[in-house]
Amino acid sequence: MLVAELEFKIIADTSFAAAEKGIRYYLEKLIFQGQILGREFPTYQAKDSFFSRVVLPQADALEKKSHSKTGLDALEQLQQVGLSYPKLKILGDDLMSNHTDPCPSHSALILFCSFSATNSVLYCAEHFAPVPLYKVGRSSGEDFESLVRWQLQYQALDEIQMQEARVLLKSAEQSLQGFYSGLNQQGYKQAKALSKELQKPVYYYLYSGSSSDCSLDAGKKCPCCGSDWQLTESWHGLFDFRCEPCQLLSNIAFDCQL
Ligand SMILES: [Zn+2]
Ligand SMILES: [Zn+2]
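Position 5 of the sequence shown, counting from 1, maps to 4 under numbering that gives the first Met the number 0, and the rest follow consecutively.
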């Protein structure tokens, strides 16, 4: 992934507040389309321009064709607040983030979320590398706002349950590993809807951290349909279970793998 800077030139009378609002709105639409990653975008003014630091999944992320419908609207609105179209300058590789999947198209995807990664939650099923959301091949022009908002909630809970002194005791973990939790039902529903729209499998990964009895964990059934779903060999070194009809993946509880 790449660190880049966007320059918005001041081209007409504007106020700091109006310019800031326009930039914020535009960046938000880029987030919802997976064109920029992360949550914080330092923005400053120097002479007659504003500059924002962003992380891009790939160099083509800000091309016009990568925008959603609302993203294109936000781009046009910049001029109404006295700013130019942004000029992009790539500063270099982001050493802190992982590599974007190189495939031009995908026969299947995996919806996978973890607490630390800011990248796309959609992964190439073949390489298990993140696919930028704008590359997923949605034809509707809609963005991924609901998926990105779901990712934020998932990560907030994951962050809590990773801490030694958890403030929510077991409830964060139950949200993450219970198939019928609100969090997982929301995520699973989005994977299903996307699978239908794209006409390809979109597997949903169900996290498994702990088990009440490790001796039984490898024999657990698909929580959706009750079938046997253990793989003879783990997939991508992470998934020990896969149910094809349900498009569901999981692992032997991490606590039982120690
Ligand atoms: Zn791939
Ligand atoms: Zn199943």
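The beta carbon of each residue, even a glycine, is placed where N, CA and C say it ideally should be.
The set of residues whose C-beta lies within less than 5 Å of a heavy atom of ligand 1 reads, in chain order, D100, C102, C123, E125 and H126.
In the three-state DSSP reduction, Q154 falls in the helix class (H, G or I). The C-alpha of N97 is placed about 28 Å away from the C-alpha of L74. Around the C-beta of E39, fewer than 16 other C-beta atoms lie within 10 Å, and the residue is accordingly described as exposed. In this structure, C223 has its CB closer than 8 Å to one or more heavy atoms of ligand 2. With distances taken between CA atoms, G37 lies nearest to F114 out of F114, Y202 and S106. With a cutoff of 8 Å, L247 counts as near ligand 2, since its C-beta is closer than that to a heavy atom of the ligand. Ranked by how close their Cα comes to the Cα of V2, the residues P56, C245 and I159 have P56 in first place. Here the distance from the Cβ of P244 to the nearest heavy atom of ligand 2 is below 8 Å. According to the DSSP assignment, S207 belongs to no beta strand (DSSP E), since it is labelled neither H nor E. Per the Cβ contact rule, the region 202 to 213 is in contact with the region 182 to 192 (3 or more Cβ pairs under 8 Å).
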